[in-house]
């Protein structure tokens, strides 16, 4: 599978990749163990903050709670088999990197690995888990971002439920309708 | 603009429309005043719960805090001018329904109006605003859902920032890769 060469990206602009709502691959590590989970329930909560729903049955939750870190990786449609495979495989005892042909790379600010085959990777620190018990909500701050320079608009995948994925379609600019301070 | 005839929809399946990450139009009402806001920062937090980022500068925030209700409406690409117009217009003193050619309809369980031109509308009660101060996060429970029967997969719009919108693309089924209990 294609590996994306990524360069530094402004942490305050990661919304460009997350706000359209793609399925993401969240990698985590703690005490010699590592894991990946497929995630569809996430939102921006500020320009460099992301809220993520991590169910208490997800093996990754324990690794993230202990390490208080993760990497949010943005896969494109060419990774659909890995996206589904990772999502449908339960963590302990399986190295999902090996099982689904994904390559871990060392992050700079966190212990969790980047995924080389993903278009963009955002290193995150857990800053709030006060709603983890009630809503499985974890709030992360992005402390370091990496993204491929091309294509400008990645063909991300978006989950519709029921086994159906939507692939990112046409991009249309309406910049003329926005005042500069709104962009 | 086209009005969608909507029928009752299972509140536990609204993720089918929200999980792909579309821009939504959130309507609210309180004390004879009503408003609409364009929203890109939201996530499922359970099958019938939605977390929404509502900035303290949004006029709608006051209406929602006071009424503790809203309607989440899902627009399609034919409404792009209204989506942008609503998003770029500040609330007080403007009737956004009239200004952008949108038709309010009476909801069943909440005081905020449905938008007839939207493909789906979800009546919501505010159930948690404990993180409103820190993260502008409001958690809603959907108590009544309405959706058009066709097309099955609406052409939603997804914001990439910088004045650029992505239009929902191809839909691909991978049901064969999911066990029945995962669907």
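Residue numbers (the working numbering), protein chains in the order written: chain A, 204 to 386; chain B, 204 to 386. Yeah, the Cβ is synthetic: ideal placement off N, Cα and C, and Gly gets one too. Keep in mind it's a predicted model, so treat the numbers as computed, not measured.
Interface residues of chain B around residue i at Cβ under 8 Å?
i, result
"residue 261 of chain A", "Simply none; closest approach about 14 Å."
"residue 377 of chain A", "283, 287, 366, 367, 368"
In chain B, what lies closer than 7 Å to residue i by C-beta?
i, result
"residue 361 of chain A", "223, 224"
"residue 385 of chain A", "291"
Does residue i come within less than 7 Å of chain A when only Cβ atoms are used?
i, result
"residue 322 of chain B", "no"
"residue 212 of chain B", "no"
"residue 265 of chain B", "no"
Using a Cβ-Cβ cut-off of 6 Å (strictly less than) and excluding sequence neighbours within five positions of residue i, which residues of its own chain qualify?
i, result
"residue 351 of chain A", "207, 209, 322"
"residue 295 of chain B", "262"
"residue 324 of chain B", "274, 276, 317, 349"
"residue 373 of chain B", "none"
"residue 231 of chain A", "238, 263, 266, 267, 273, 315"
"residue 355 of chain A", "none"
"residue 313 of chain A", "272, 326"
"residue 224 of chain B", "361"
"residue 215 of chain A", "250, 251"
"residue 299 of chain B", "239, 289"
Anything in chain B within Cβ reach of residue i, meaning under 9 Å, just list it in chain order.
i, result
"residue 340 of chain A", "246, 248, 254, 334, 340, 342"
List the residues of chain A whose Cβ lies closer than 8 Å to the Cβ of residue i, in chain order.
i, result
"residue 219 of chain B", "363, 364, 365"
"residue 356 of chain B", "363, 367, 369"
Name the chain A residues whose beta carbon is nearer than 7 Å to that of residue i?
i, result
"residue 371 of chain B", "369, 372"
"residue 243 of chain B", "222"
Would a check of beta-carbon distances place residue i closer than 7 Å to chain B?
i, result
"residue 381 of chain A", "yes"
Leaving out five residues on either side along the sequence, give the residues of the same chain with a beta carbon under 7 Å from the beta carbon of residue i.
i, result
"residue 290 of chain B", "241"
"residue 280 of chain A", "358, 360, 370"
"residue 335 of chain B", "341"
"residue 329 of chain A", "267, 271, 272, 341, 343"
"residue 227 of chain B", "242, 245, 275, 276, 277"
"residue 303 of chain A", "285, 288, 289"
"residue 435 of chain B", "What is shown of chain B runs 204 to 386, which leaves residue 435 of chain B out entirely."
"residue 339 of chain A", "256, 257, 258, 259"
"residue 204 of chain B", "281, 282, 304, 320"
Might you give, ordered along the chain, the residues of its own chain that have their beta carbon closer than 8 Å to the beta carbon of residue i, omitting 5 neighbours on each side?
i, result
"residue 319 of chain B", "206, 207, 305, 306, 307, 308"
"residue 331 of chain B", "341, 342"
"residue 310 of chain B", "274, 316, 317, 324, 326, 347"
"residue 386 of chain A", "378"
Going by the C-beta, is residue i closer than 6 Å to any heavy atom of the ligand NAP?
i, result
"residue 247 of chain B", "Within the structure as shown, the ligand NAP is missing, as the structure has no ligands at all."
Query raised in the report: In chain order, which continuous runs of the alpha helix (DSSP H) of length 4 or greater are located wholly inside the segment 212-241 of chain A?
Result: 218-221
Query raised in the report: Which residue spans inside the segment 244-283 of chain A form an unbroken alpha helix (DSSP H) run of at least 4?
Result: 262-270
Requested in this report: Starting from the N-terminal side, write out each stretch of the alpha helix (DSSP H) that is 4 residues or longer and does not extend beyond the segment 318-383 of chain B.
Outcome: 335-338
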